[in-house]
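Okay, structure first, notes after.
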Amino acid sequence: MGSTSSAYRFPHGNTPHQWKLRTWAEATVPKLEDVASHYGDYISYGELAAYLFERTNVRTDQRLDYWIRHVLGMVLDYCDAMGLPALPALVVQKKTGMVGPGFSAWLPKIGLTPTQEPQVLEWVAAQERLKCYRHFGALVPPEARPTPTREYAALLNRDERNTSKRTPEPEATCPGCGTVLPMSGQCDTCS
Numbered sequence: 036m037g038s039t040s041s042a043y044r045f046p047h048g049n050t051p052h053q054w055k056l057r058t059w060a061e062a063t064v065p066k067l068e069d070v071a072s073h074y075g076d077y078i079s080y081g082e083l084a085a086y087l088f089e090r091t092n093v094r095t096d097q098r099l100d101y102w103i104r105h106v107l108g109m110v111l112d113y114c115d116a117m118g119l120p121a122l123p124a125l126v127v128q129k130k131t132g133m134v135g136p137g138f139s140a141w142l143p144k145i146g147l148t149p150t151q152e153p154q155v156l157e158w159v160a161a162q163e164r165l166k167c168y169r170h171f172g173a174l175v176p177p178e179a180r181p182t183p184t185r186e187y188a189a190l191l192n193r194d195e196r197n198t199s200k201r202t203p204e205p206e207a208t209c210p211g212c213g214t215v216l217p218m219s220g221q222c223d224t225c226s
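In case it helps, this note's numbering puts the sequence shown at residues 36 to 226.
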């Protein structure tokens, strides 16, 4: 099972579905360790699923979002038990570059309150990715700081540009009575 510790055992389960989840979780850890060994790398959910199907020869017809959250939840438990940074922070949505909602399960493990607030999840994920790069031997620049994925940074920049275009300038008001000033700049009420 790659470099996962022989002291840790993923839950066995009594059903074929639970067996699949365990098989995929065991294959996920070394894959994410490899991703973490390259500074700035991350992997999409779809890419990870394709890798798991190919690597384990275990497939499913279920929607990706139904089963992969369970696999990554098992990997989060593994990381917690082994004292590792959260490897699932390296798995992001292809279009947005964001971690999935299941990543919030990591927050209580590091003393934070669980939330689905995207800014919180993405900030914690960025911190965990940097920890992963450092822990798994990536060549990390000494000045490196937690940063969002390229896709999420682009999304933030686009949202910021759209917000600044939509936010009107505050209208000038009269300092005496507080009414909105006409184009002349002279208050009709106080003049």
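Note that CB positions come from ideal geometry on N, CA and C, so glycine has one too.
Rounded separation between residue i and residue j - CA only
i, j, result
"Thr182", "Gln154", "12 Å"
"Tyr113", "Lys144", "12 Å"
"Lys55", "Tyr74", "30 Å"
"Glu61", "Leu107", "10 Å"
"Val93", "His52", "11 Å"
"Met36", "Met133", "In this prediction, Met36 scores a pLDDT of 40, lower than 50, which makes its location untrustworthy; no coordinate-derived value is stated."
"Gly118", "Arg98", "31 Å"
"Pro136", "Glu178", "30 Å"
"Val70", "Leu156", "20 Å"
"Gln162", "Leu174", "16 Å"
"Lys130", "Gly211", "51 Å"
"Glu89", "Arg57", "16 Å"
"Glu152", "Lys166", "21 Å"
Residue i (DSSP reduced to helix, strand or coil)
i, result
"Val106", "helix"
"Ser79", "strand"
"Val93", "coil"
"Val70", "helix"
"Phe171", "coil"
"Ala161", "helix"
"Ser139", "helix"
"Cys114", "helix"
"Pro210", "coil"
"Arg193", "helix"
"Gln53", "helix"
"Arg180", "coil"
"Arg185", "helix"
"Gln58", "Before going on, a small fix: residue 58 reads as Thr here, not Gln. Residue state, collapsed to three classes: helix."
"Asp223", "coil"
Residues that DSSP places opposite residue i in a beta bridge
i, result
"Val155", "According to DSSP, which records beta bridges pairwise, Val155 is partnered with nothing at all."
"Val126", "Ile78"
Supposed close pair residue i, residue j - CB separation, criterion 8 Å
i, j, result
"Tyr80", "Lys66", "That belief does not hold up - the Cβ atoms of Tyr80 and Lys66 are roughly 13 Å apart, past 8 Å."
"Met109", "Phe171", "In fact, because the Cβ distance is near 19 Å, the residues do not count as touching under 8 Å."
"Tyr77", "Leu122", "11 Å between Cβ atoms; not a contact."
"Thr95", "Trp102", "6 Å"
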